[in-house]
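Heads up, the thing below is written out as structure tokens.
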Amino acid sequence: MLYSCKPILQRVKANVTEDLRALNLTPKVAILVTGNDEPSARYVRNKVRDFSEVGIDYEIINTMSDKGYASLDDIADIIRTLNADYRVHGIIIQRPVYTLEYSTQTSALVLNRLIRFDKDIDGVTEQSGFLPPSVKGLQLLLDEWKIDPPGRHVT
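Here it is in structure tokens:
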């Protein structure tokens, strides 16, 4: 059996567009990019395309400089500023997370904890109202295709 995700994606985009119009809301998402990883850059391009299609504003904040990776403290300051900015409705830290001092895993763990839960649209904080995108996507696919595997639980 061949499954296609395109109809699901188009339906989700249409629903989001309709919901935003009904709310008369143009949300803004800040995407922090900490490195120059090509697969990550492609993923950001796809996010930006999708945001544009449904009416979500975005800002890409690249913390790289000519000198290389930013420090954990510098990125933390950016997150604190975004947390305080009422014009920013959501924050995404694109993975992998590169900093001067720490591994990508440690950097991600530390910086994720700084995002205000009500601006966490990637499901990285415990109090976020969102599931991580891969989990949500899998949940949508299982529901669409009416597949109910044993032990299916999302927490």
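My numbering numbers the first residue of the sequence shown as -12 and each following residue consecutively.
All residues carry an ideal CB built from backbone N, CA and C; glycine is no exception.
In this text, all values refer to a predicted model and were calculated from it rather than measured experimentally.
For Lys15, the enclosing beta strand (DSSP E) has its first and last residue at Lys15 to Val20.
When secondary structure is reduced to three states using DSSP, Gly124 falls in the helix class.
Residue state for Asn49 is assigned as strand, using DSSP reduced to three classes. Taking a contact to require three or more Cβ pairs closer than 8 Å, the stretch 104 to 120 and the stretch 71 to 82 qualify as touching. Our two residues, Lys54 and Thr93, have alpha carbons roughly 21 Å apart in a direct line. Going by beta carbons, Thr21 and Ala63 fall outside the 8 Å limit. Per DSSP, the unbroken alpha helix (DSSP H) holding Ile62 starts and ends at Leu59 to Ala71.
Per the C-alpha coordinates, the member of Trp132, Ile43 and Ile47 positioned closest to Tyr30 is Ile47. For the options Ile65, Lys123 and Trp132, the alpha carbon positioned closest to that of Leu(-11) is the one of Trp132. Secondary structure note for Ile(-5): its alpha helix (DSSP H) is the uninterrupted segment Lys(-7) to Leu10.
Distance from the CA of Arg100 to the CA of Arg67, rounded to the nearest whole angstrom, comes to 11 Å. Tyr73 sits exposed, since fewer than 16 C-beta atoms from the chains shown fall within 10 Å of its C-beta.
The residues Ile108 and Gly110, in chain order, have a CB closer than 6 Å to that of Phe117 in the same chain once the five nearest residues on each side in sequence are set aside. In the structure shown, the three-state DSSP call for Asp105 is helix. By a beta-carbon distance limit of 8 Å, Asp37 does not contact Thr13. Their separation comes to about 15 Å.
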